[in-house]
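*Asks:* The sequence shown begins at 3 in my numbering and counts up one residue at a time.
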Amino acid sequence: MQPMLNIAIRAARAAGNIIIRHIDHIQDLLVSTKGRNDFVTEVDRQAEAIIIDTIHKAYPNHAILAEESGPQGNNDYQWIIDPLDGTTNFLHGFPQFAVSIALQHKGVLTQAVVYDPLRQELFTSSRGDGAYLNDRRIRVSRQKYLEGALLGTGFPFKEQQRFEQYLDTFRALSSLTAGIRRAGSAALDLAYVACGRLDGFWEFGLEPWDIAAGALLIEEAGGMISDISGEEDYLNVGDILCGNPQVYKDLVKVLVAPQVSTT
Ligand code: IPD
Ligand code: CA
Ligand code: CA
3 MQPMLNIAIR AARAAGNIII RHIDHIQDLL VSTKGRNDFV TEVDRQAEAI
53 IIDTIHKAYP NHAILAEESG PQGNNDYQWI IDPLDGTTNF LHGFPQFAVS
103 IALQHKGVLT QAVVYDPLRQ ELFTSSRGDG AYLNDRRIRV SRQKYLEGAL
153 LGTGFPFKEQ QRFEQYLDTF RALSSLTAGI RRAGSAALDL AYVACGRLDG
203 FWEFGLEPWD IAAGALLIEE AGGMISDISG EEDYLNVGDI LCGNPQVYKD
253 LVKVLVAPQV STT
């Protein structure tokens, strides 16, 4: 296994242990608000600190882009970290959250880990080496059409002004598919696309740390991901769609069509 992936796994498991240790006394946690409907707890911060510490012990010069502490350092290698994706779920004891860690080298995603500490599901990938769930190779689903497909999504709950645009896409897709799920952890949603539990996914207004690890998992599992214009700049744009190749193609037809306003 790639040594850098090993470090990412070690860091994700350490963060997962911190998250699990706090699960029985969530009500005692200090919660602060970063913005509308955007919460952070001492668990997010502690988990992030142990991830960065683990990475820096192995690679002191690598740069970091982490949700709670922001960017640090300047290096061809940059780790993109969401220490707890699904904080709102975590705060409510809703069992769907994950640690997400990715590595970019010269702007190319090369390593990815998404770890669900409750189910102990570890999704991993190194570029060119496929995607795995607990060491078993995973592939995107074989669902051929939107009809019969199960999609995941997320609501733009932090950006109310985008709700109308989002509702257009929801209306367009809800009548075409077998079902739509909003589970509350984008990183895990993307991992679920990679292993075929979801056939496709779309969400607006995500951040690089929500997307980076899941994107590599999807690509290495044979799926496709893009921004809402069908272009590759999804990490920066944050409005994403993805799926197995057939479902992705149909999502592009519906979501990238000119009648759906993207402003
Ligand atoms: C959030 C989750 C959620 C998505 C939000 C993200 P956080 O991440 O991924 O599913 O809808 O846009 O911000 O804040 O819990 O790390
Ligand atoms: Ca997140
Ligand atoms: Ca987070």
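Even glycine gets a Cβ: it sits at the ideal position worked out from N, Cα and C.
Please work out which residues of its chain come closer than 7 Å, Cβ to Cβ, to residue 151, disregarding the five sequence neighbours upstream and downstream, and give them in chain order.
*Replies:* Within the same chain, residue 151 has close Cβ partners 145, 179, 180, 201, 202, 249.
*Asks:* Determine, using beta carbons only, whether residue 52 and residue 82 come nearer to each other than 8 Å.
*Replies:* Contact flag unset, no.
*Asks:* Going by DSSP in three states, residue 205 sits in which element: helix, strand or coil?
*Replies:* strand
*Asks:* Give me the pocket residues for ligand 2, defined as CB within less than 5 Å of any heavy atom, sorted by chain position.
*Replies:* 84, 87, 212
*Asks:* Does DSSP put residue 96 in a helix, in a strand, or in coil?
*Replies:* coil
*Asks:* Restricting to Cα atoms, I'd like to know which of 257, 233, 10, 63 is closest to residue 124.
*Replies:* The shortest C-alpha separation from residue 124 is found at 10.
*Asks:* Classify residue 162 as helix, strand or coil using the three-state DSSP reduction.
*Replies:* Three-state DSSP puts residue 162 in a helix.
*Asks:* The alpha helix (DSSP H) with residue 23 in it runs from where to where?
*Replies:* In the DSSP assignment, residue 23 falls within the unbroken alpha helix (DSSP H) covering 5–23.
*Asks:* Given a cut-off of 8 Å, decide if residue 243 and residue 230 are closer than it, judged by their beta-carbon atoms.
*Replies:* yes
*Asks:* Taking one C-beta from the stretch 148–162 and one from the stretch 204–216 each time, how about it: are there three or more such pairs within less than 8 Å?
*Replies:* A contact exists between the stretch 148–162 and the stretch 204–216.
*Asks:* Report the residue ranges of all beta strand (DSSP E) runs contained in full by the stretch 175–256; include only those spanning at least 3 residues, in chain order.
*Replies:* 181–183, 202–205, 226–229, 242–245
*Asks:* So the beta strand (DSSP E) residue 48 belongs to, where does it begin and stop?
*Replies:* Looking at the DSSP string, residue 48 is not in any beta strand (DSSP E); the run it does join, the alpha helix (DSSP H), is 44–60.
*Asks:* Using 8 Å as the threshold, is the C-beta distance between residue 258 and residue 193 below it?
*Replies:* no
*Asks:* To the nearest angstrom, how far is the alpha carbon of residue 234 from that of residue 153?
*Replies:* 21 Å
*Asks:* Whose C-beta lies closer than 8 Å to the C-beta of residue 70 among residues of the same chain, with five residues either side of it excluded?
*Replies:* Within its own chain, the residues whose Cβ lies closer than 8 Å to the Cβ of residue 70, once the five positions on either side in sequence are excluded, are 42, 46, 47, 50, 85, listed in chain order.
*Asks:* Output needed for residue 33: all residues of its chain with C-beta closer than 8 Å, excluding positions within five of it in sequence on either side, in chain order.
*Replies:* Within the same chain, residue 33 has close Cβ partners 41, 42, 43, 93.
*Asks:* When the Cα of residue 12 is compared with those of 31, 57, 25, 63, which residue comes out closest?
*Replies:* 57
*Asks:* Quick check on residue 76: does DSSP put it in helix, strand or coil?
*Replies:* coil
*Asks:* Measure the C-alpha to C-alpha separation of residue 113 and residue 184 and round it to an integer number of angstroms.
*Replies:* 26 Å
*Asks:* Terminal residues of the continuous beta strand (DSSP E) containing residue 139?
*Replies:* 138–140
*Asks:* Tell me the residue span of the beta strand (DSSP E) that contains residue 123.
*Replies:* 123–128
*Asks:* Tell me whether residue 131 sits in a helix, a strand or coil according to DSSP, three-state version.
*Replies:* coil
*Asks:* Return yes when the C-beta of residue 155 is under 7 Å from any heavy atom of ligand 3, and no when it is not.
*Replies:* Not under cutoff, so the answer is no.
*Asks:* Using a Cβ-Cβ distance under 8 Å, would residue 160 count as near chain D?
*Replies:* Absent from the structure: chain D. Only one protein chain is present.
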